[in-house]
Every structure is written in C-alpha cells, then in structure tokens.
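Using the working numbering, read the sequence shown as starting at 3 and increasing by one per residue. To start, the structure under review is shown below, and the notes come after it.
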Amino acid sequence: MKTASIIANYAQNLAQAATTTDWSPVQKLVDLLEKARLERRQVFLCGNGGSAANALHMANDFCAAMFKGTREAIRANALTANVGVVSCIGNDLSYEQIFSQQLRVLAEPGDLLIVLSGSGNSPNILAVLQEASALGVHSIAILGFDGGKALSMCDLPVHFPIHDMQIVEDLQLVVGHMIMRSITAKHGKGCGY
Numbered sequence: 003m004k005t006a007s008i009i010a011n012y013a014q015n016l017a018q019a020a021t022t023t024d025w026s027p028v029q030k031l032v033d034l035l036e037k038a039r040l041e042r043r044q045v046f047l048c049g050n051g052g053s054a055a056n057a058l059h060m061a062n063d064f065c066a067a068m069f070k071g072t073r074e075a076i077r078a079n080a081l082t083a084n085v086g087v088v089s090c091i092g093n094d095l096s097y098e099q100i101f102s103q104q105l106r107v108l109a110e111p112g113d114l115l116i117v118l119s120g121s122g123n124s125p126n127i128l129a130v131l132q133e134a135s136a137l138g139v140h141s142i143a144i145l146g147f148d149g150g151k152a153l154s155m156c157d158l159p160v161h162f163p164i165h166d167m168q169i170v171e172d173l174q175l176v177v178g179h180m181i182m183r184s185i186t187a188k189h190g191k192g193c194g195y
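Here's what the structure looks like:
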C-alpha cells in the first residue's frame, strides 16, 4: 500500500470513529471533573505506553494550561510522571502495583481516577481500579477494543469499540481536549492557544 493511501485510510478511519461515537459519557466526565475542580479534589491519571504519555498530556492540560495563573485549574496528577516512584514500586513490589500503590498513598475518598487503556486488561490498570473502589475514589476508564475487564470495573466507561490502538490513543487525547474546552467555556475562558 502506498503512503498516500495509508494516510488517507487512517484519516478516514479516525473521522469515522469520531463521527460514530456516542460522546454522552464525556459530558458525564466533564460534570465529574467540574465538580472535582470546584471541590478541590485530586484527579489521578494513568496508562501504559502511549496511554501513559496521554495521561501526562491530560494532566498538563487540566492543571497547567486550564485557567492559567490561577488556583481554578484541576488538581491533576499523572501517576506515570515520577519515574523514581514508578521504578521503585516496580522493583520493590511489582509492576502490577505501580499505580495502585501511588493511589493508596495519595488519594482520598471523593477524588477521581482516570485510566487510559486500549485493551482494558493490563494488570496494573485493573489493580488501580480495584484500589480506587476500595478507597472510595470515583473511577473513569477511557477504553478501546472490547473494553476488557476494566469496562465493568470502573464507575464510568468512555468506550471506543475500535480495534486500532493508534486511533484509540488519538481519541483519548480528543476526550482530554473536549474536557478542557468544555470546562473553560463554561466560565467564559478560552483555551484555543
């Protein structure tokens, strides 16, 4: 297949996914995040690989890019950010606990957890969802493929039933940007910078 065909096919698949998705769970997520923001709750994000990078990107947007220079932003932290902590837990406990142990230490009841996963079956994602439930932390899972075990373990799924990891990762960031725009627009603030 020629490069031009690959590019056109990818763009078509992404556009189709965006136009056929039920976005109503994202509105529920916006409402949860706005409530957390107003109550000064913490929001924790995590994922593996590209989803880990997307968790970092979303935490940046929620905490630093939204309502710049004020305390109005979301208190967001990516559990993928501190390589020292991640590698220590992975080495001393297990890779499966790299997110759940951090949540155990940092979270309070009423905080939010957002997991990003293509398969919804990564052991560390399932472990952190289980920990969130035990702690009284509301959990949201942004998932692809068939949603995996995470689909039924989270409080709010945002599910893209697409069997293409790159498209799923693109849609994870779309969700993050939709959230950012929705919350700032409510308050007459723009974020298209």
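Glycine is no exception: its CB is placed at the ideal position from the N, C-alpha and C atoms. Just so you know, these numbers come straight off a predicted model, no measurement behind them.
| query | result |
| --- | --- |
| Proximity test, Cβ basis, 8 Å: P159 and chain D | Going by chain labels, chain D is absent from the structure shown, which holds only one protein chain. |
| Selection from A134, L118, M68, V85 that minimises the alpha carbon distance to M182 | M68 |
| Cα-Cα separation, T5 to L145 | 28 Å |
| Residue from Q174, G112, D113, F147 with nearest C-alpha to A55 | Q174 |
| H189 burial status per 10 Å Cβ neighbour count (16 or more: buried) | exposed |
| Span of the beta strand (DSSP E), counted from its first residue to its last, around G92 | Premise fails: G92 lies in the alpha helix (DSSP H), 85–94, not in any beta strand (DSSP E). |
| Bounding residues of the beta strand (DSSP E) (the contiguous stretch that carries G190) | Neither: G190 is in no beta strand (DSSP E) and is coded neither H nor E. |
| At least three beta-carbon pairs within less than 8 Å, the region 77–84 to the region 37–46 | yes |
| Where V139 sits in the DSSP three-state scheme | coil |
| Exposure of I235, with buried meaning 16 or more beta-carbon neighbours within 10 Å | Within the shown structure, residues of the chain are numbered from 3 to 195, placing residue 235 beyond reach of any answer. |
| Alpha-carbon to alpha-carbon, F64 and V28 | 15 Å |
| Three-state secondary structure (DSSP) of I9 | helix |
| Whether I169 touches L158 by CB criterion (8 Å) | no |
| Three-way DSSP call (helix, strand, coil) for C156 in this model | coil |
| Residues of its chain near L34, where Cβ-Cβ distance is below 8 Å and the 5 sequence neighbours each way are ignored | L114, H140, I142, L158 |
| A80, enclosing beta strand (DSSP E) - first and last residue | 77–80 |
| DSSP-derived helix/strand/coil call for G51 | coil |
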